[in-house]
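Chemist:
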Amino acid sequence: MLVTRSATIALLAIVGMAGAAAAQAVVKREPPSGALKRGSVVLVDDGTCPAGQIKEVTAAAGTETRRSRRCVPKR
19 MLVTRSATIA LLAIVGMAGA AAAQAVVKRE PPSGALKRGS VVLVDDGTCP
69 AGQIKEVTAA AGTETRRSRR CVPKR
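Counted the way our numbering counts, the sequence shown spans residues 19 to 93.
Structural data, given as structure tokens:
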């Protein structure tokens with residue numbers, strides 16, 4: 019009984035952490051140059067995209083030198 023309870027608690031903890039890691043923060047302003055790690059993605063809700071969409075900013079990766087920006091549906 020104790021093993022089953024411990025296993026259940028461990029499973030719930032793992033699922034909870036996975037859900038938190040999958041959630042992506044939304045910021046109001048685009049981070050300054052150099053603030054993002056290479057290839058990271060940030061959602062920016064600054065009103066530049068049409069209704070129902072949000073700006074997705076991807077930091078430069080590999081040999082790229084510029085960030086990419088696009089409007090994506092809000093989740």
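Glycine residues also receive a C-beta, built at the ideal position from the N, C-alpha and C atoms.
Quick one, which of L54, A43 and V45 has its alpha-carbon nearest S86's?
Modeler: Position 68 of the sequence shown, counted from the first residue, corresponds to residue 86. That would be L54, whose Cα lies nearest to the Cα of S86.
Chemist: Taking the C-alpha atoms as reference points, what is the distance between V45 and C89?
Modeler: In the sequence shown, the residue the question calls residue 45 occupies position 27. In the sequence shown, the residue the question calls residue 89 occupies position 71. Approximately 14 Å, taken between the alpha carbons.
Chemist: Is it buried or exposed for K73, if we count other Cβ within 10 angstroms and need 16 for buried?
Modeler: The sequence position of residue 73 within the sequence shown is 55, counting from 1. Classification for K73: buried.
Chemist: Could you check the C-alpha separation between V75 and A69 for me, to the nearest Å?
Modeler: Residue mapping note: residue 75 aligns to position 57 of the sequence shown, counting from 1. Residue mapping note: residue 69 aligns to position 51 of the sequence shown, counting from 1. The alpha-carbon atoms of V75 and A69 are separated by roughly 17 Å.
Chemist: Beta carbon of R56, beta carbon of A77: below 8 Å?
Modeler: The residue labelled residue 56 in the question sits at position 38 within the sequence shown. The residue labelled residue 77 in the question sits at position 59 within the sequence shown. Against a cut-off of 8 Å, the Cβ pair of A77 and R56 comes out as a contact.
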